[in-house]
Amino acid sequence: TNDKGRSIAYQKAIEALKRCTHPIRSYEEIKALPYVKQSLADKIWEIIRTNGLVKLSAFQSRDDVSTLALFAGVWGAGTETTKQWFAQGFRTLEDLRTRARLTRTQQIGLKYYQDFNTRIPRDEVTRIETIVKQTADEVAPGLMIETCGSYRRLKPSCGDIDMLMTFKDGKRHIHESILAPLIEKLRDIGFLIHDLINHSETSSTSHVSEQLTYFGVCRLSEPGSLHRRIDLIFVPANEWACSLLYFTGSDMFNRSMRRLARRLNMSLSQHGLYHGVVRKGVEKINTGQALNTPTEESVFLYLNLSYRPPEDRDH
DNA sequence: TGGCCAATACTG
DNA sequence: CAGTAT
DNA sequence: GCCA
């Protein structure tokens, strides 16, 4: 419930299982998998034998666990908030609506609870993408726009919509005035329904970033359309490739790529790839120098990896 | 036994 | 600052 | 919970 390390370990084991192509017949075969040892092998074997896991069903049916899982579906509420709500005696979404103290974003998260927790079919993402691109062409021509996340990994459905943009020519500077008119226009045409977060990431530490980020709620005009979570992100041209990599994911893929970078005394983030990084434990002594990363391919190359297209980046 | 990706901005 | 999000 |  509150064990980050353990949940990562389970994730790794799950990925290892997915990667395993040959059928599993014996307990020994399970234990031979990476990231699977005694404890997890026992659990997996029990699932295979009995088609279930006694401990898991007992766990899931616990009042607190199921309630926390329900509350976790509210955008803007994390582990601490959901625990507090449970402690205050709330058990249903109706309890939250009528009695809980909610932040503005949590109110939106609750209002659209069902919608936000419904997967978005690919073709709907495509239609949403078209609207944003058309509108961008009107108010800020010359933008390159790429829809990332699971959409770019060619998944049949997506949890939300992540759109990354930069200037095609790569020369013009990203400026606050680019984001605002686009948002405004999208709001005018009835596409954007709510704003969740509107932030401008400016140079505060080592790297000079001019990333602009908007999180909001959109909806297609067709009757019956659900409200969808959409993120619009402007990045400076020199950060395009690393941002694209980051926002395309998957999460697990990003992690393993960053682990590799670290082993090579480099550091990878959405802003760039740095080499000559000096670390003392987790702490960075020297941030190193930024490498020129014009394309995703270039990042793979620096890390001595062969290129993997988005659809092969599930882990 | 410590780390498990990284870096940063918003809200209250 | 703690919490949440990307 | 697994790994270095």
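Take the first sequence: its position 260, counted from the start at 1, is 260 in UniProt numbering, and no numbers get skipped.
Where is the CB? At the ideal position from N, CA and C, for every residue including glycine.
Reference residue i, options the options, closest by Cα
i    : options                : result
L164 : C148, C20, Q270        : C148
I197 : K280, G190, L212       : L212
Y113 : P121, R122, F71, M144  : F71
M257 : T67, Y307, V132        : Y307
Y27  : T21, A41, C20          : A41
T67  : A241, G249, P23, E94   : E94
A290 : N238, E210, L232       : N238
Y214 : I161, L260, D169, H227 : I161
P294 : T166, S57, F86         : T166
V132 : Q106, F86, N286, K185  : K185
L305 : A261, E210, N292, N265 : A261
D169 : G76, M144, P181        : M144
T79  : P181, K4, I24, H199    : K4
N292 : K284, Y302, I285       : Y302
E311 : N265, V282, F253       : F253
L264 : T248, W85, G288        : G288
E296 : T21, A136, Y246        : Y246
E146 : E129, C218, A69        : E129
F234 : Q106, A136, H227, H315 : A136
Q134 : R97, T81, I189, A180   : I189
R259 : A77, T248, H315        : H315
E210 : P236, I47, Q106        : P236
S269 : G281, V282, R255       : R255
Boundaries of the alpha helix (DSSP H) in which residue i is found, first to last residue
i    : result
N131 : This sequence places Ile at residue 131; Asn is not what is there. Run containing I131: 122 to 139, per the alpha helix (DSSP H) assignment.
R255 : 251 to 263
G109 : 104 to 111
C242 : 240 to 248
G149 : 149 to 152
F71  : 63 to 71
S7   : 4 to 19
I44  : 38 to 50
I30  : 27 to 31
Where the beta strand (DSSP E) containing residue i begins and where it ends
i    : result
T92  : Unbroken run through T92: none, as it is neither H nor E.
K284 : 283 to 286
F59  : Counting along the chain, F59 falls outside any beta strand (DSSP E), though it belongs to the alpha helix (DSSP H) covering 54 to 60.
G216 : 212 to 218
L305 : Run containing L305: none; DSSP gives neither H nor E here.
F234 : 228 to 234
Counterpart residues of residue i in DSSP-defined beta bridges
i           : result
C158        : I120
S298        : DSSP lists no partner for S298.
Q84         : For Q84, which the question treats as bridged, DSSP gives no partner whatsoever.
Q289        : H275
S267        : Y274
residue 394 : Given a span of 1 to 315 for the chain in the structure shown, any question on residue 394 remains unanswerable.
T166        : M144
L192        : C218
K280        : E283
Rounded Cβ spacing between residue i and residue j (contact assumed at less than 8 Å)
i    : j    : result
F116 : R229 : 6 Å
G109 : V74  : 4 Å
I183 : L192 : 7 Å
S250 : R313 : 6 Å
R119 : S157 : 4 Å
A100 : W85  : 6 Å
H199 : V217 : With 8 Å as the limit, H199 and V217 do not qualify as a contact, their Cβ atoms being about 16 Å apart.
G76  : T105 : 4 Å
- [ ] Mind the definition here: the segment 89 to 96 touches the segment 151 to 159 only if three or more C-beta pairs lie below 8 Å; say whether that holds.
- [x] Here the segment 89 to 96 does not lie against the segment 151 to 159, with fewer than 3 beta-carbon pairs under 8 Å apart.
Open item on the list: Whether or not the segment 13 to 24 and the segment 33 to 43 are in contact is what I'm after, with contact meaning three or more pairs of Cβ atoms, one per stretch, closer than 8 Å; do they touch?
Closed with: Segments in contact, yes.
Task: the segment 109 to 124 contacting the segment 135 to 145, beta-carbon criterion three pairs below 8 Å - done: Contact between the segment 109 to 124 and the segment 135 to 145 is absent: fewer than three C-beta pairs spanning the two stretches fall below 8 Å.
Open item on the list: Contact between the segment 223 to 239 and the segment 273 to 285 is defined here as three or more beta-carbon pairs at a separation below 8 Å; is this criterion met?
Closed with: In this structure the segment 223 to 239 does not lie against the segment 273 to 285, because fewer than three pairs of beta carbons, one per stretch, are closer than 8 Å.
Task: Inter-stretch contact at 8 Å, needing at least 3 Cβ pairs: the segment 263 to 275 / the segment 241 to 253 - done: Touching, per the Cβ criterion.
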